[in-house]
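Enquirer: Below you'll find the structure I mean.
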Amino acid sequence: MTLPALPFAASFMHPLMMLGLLAAGGYSMFLGIKAKKVRTGTPEQRKALLPGKFAQRHYRWGSLILAVMVTGMIGGMAVTYINNGKLFVGPHLLVGLAMTGMIALAASLAPFMQQGNVIARKAHVGLNMGTLTLFLWQAVSGMEIVNKIWVNR
Ligand code: HEM
Ligand code: HEM
0 MTLPALPFAA SFMHPLMMLG LLAAGGYSMF LGIKAKKVRT GTPEQRKALL
50 PGKFAQRHYR WGSLILAVMV TGMIGGMAVT YINNGKLFVG PHLLVGLAMT
100 GMIALAASLA PFMQQGNVIA RKAHVGLNMG TLTLFLWQAV SGMEIVNKIW
150 VNR
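No gaps in the numbering here: position 124 of the sequence shown is 123 in numbering that gives the first Met the number 0, and each next residue is one more.
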C-alpha cells in the first residue's frame, strides 16, 4: 500500500510532544511525593500541605500524562510507518510499548489506592518510577533517531 508523504516537520512532532511529557512526568512525580507527605507527615506538616491539594493535582496530571503517552506512542508508530513503510522492532519501539503498558497498569490501580490498599500503592509507585527511569533512556534513544532523520534529510 502506498501511503501519502508527510511534511518533514511531522517527524518532529512526536519528539517535541514526548520531551514535554518527560517534563510533565517529573512534575507529576513531585506532586505524588507531596501527596504521600500529606498522607504520612506529622500533623503540622499535613496541615501546612493540605491546601496544596497535591493528591487531586497529581491525579489530574497523571490522567493527562497517561492520555498523552498513549496518543504520543501511537503517533510515533504512525509517523515511522508512513515514512518507512515498516516499523523498526528495536529498543525505542519495545521500551516505548513497555512504558505505555506499565503506566496504564499503574493508573488502573487508582481506585484501589484510594481505598487504602497498600499493595496497589506500592505497585503504583514502583511501576511509575520504573516508567520514568525508562523514559530517561527513551529520550536518549529518541534523540539518536532525531539525529538520524536530520542527517539523512
Ligand atoms: C508520572 C508517573 C507517576 C508517578 C511517579 C506517581 C507517583 C505517585 C506517588 C509517589 C504517589 C503517593 C503514594 C503514597 O501516598 O504512598 C502516588 C499516588 C497516587 N497516584 Fe500516582 N504517579 C504517577 C502517575 C499516576 C497516574 C498516571 C495516575 C492515574 C491516572 C495516578 C494516580 C494516583 C492516585 C489516585 C494516587 C493516590 C493519591 C491519594 O493519596 O489519594 N498517578 N503516585
Ligand atoms: C523523550 C523523547 C523522545 C524522542 C526524542 C523520540 C523520538 C522519536 C523519533 C524521532 C521517532 C521516529 C519518528 C519518525 O520516523 O519520523 C520515534 C518513534 C517512536 N517512538 Fe519515540 N521519542 C521519544 C519518546 C518516546 C516515548 C516516551 C515513547 C512511548 C511511550 C515513544 C514511542 C515511540 C515508538 C513506538 C516509535 C516507533 C518506533 C519504531 O518503529 O522504530 N517515544 N520516536
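Where a beta carbon is used, it is the ideal one built from N, C-alpha and C, also for glycine. The structure presented is a predicted model; accordingly, all values stated were derived computationally and were not measured.
For A106, report the span of its alpha helix (DSSP H) as first-last.
Expert: Note, A106: alpha helix (DSSP H), P90 to S107.
Enquirer: Check for me: the alpha helix (DSSP H) holding T70 runs from which residue to which?
Expert: Segment F53 to N83, the alpha helix (DSSP H) holding T70.
Enquirer: Hey, is R45 close to ligand 1, as in C-beta under 6 Å from one of its heavy atoms?
Expert: Checking every heavy atom of ligand 1 against the Cβ of R45, none is found closer than 6 Å.
Enquirer: Hey, how far is the Cα of N82 from the Cα of G95?
Expert: Using only the alpha carbons, I get a separation of about 19 Å.
Enquirer: Tell me whether P90 counts as near ligand 2, meaning its Cβ is closer than 6 Å to at least one heavy atom of that ligand.
Expert: No, the Cβ of P90 stays beyond 6 Å of every heavy atom of ligand 2.
Enquirer: Pick from A8, I64 and P50: whose alpha carbon is nearest that of S27?
Expert: The shortest C-alpha separation from S27 is found at I64.
Enquirer: Return yes when the C-beta of S10 is under 6 Å from any heavy atom of ligand 2, and no when it is not.
Expert: S10 Cβ: within cutoff of ligand 2.
Enquirer: What does a CB cutoff of less than 7 Å around R120 pick up in its chain, not counting 5 residues either side in sequence?
Expert: If we look at R120 and ignore the five residues flanking it on each side, its Cβ neighbours are M112.
Enquirer: Would you be able to state if there are at least three C-beta pairs under 8 Å between the segment 120-130 and the segment 92-110?
Expert: Yes, since at least three Cβ pairs between the segment 92-110 and the segment 120-130 fall closer than 8 Å, the two stretches touch.
Enquirer: Given this structure, state the Cα-to-Cα distance separating A77 from I118, to the nearest angstrom.
Expert: A77 and I118: Cα-Cα distance of roughly 36 Å.
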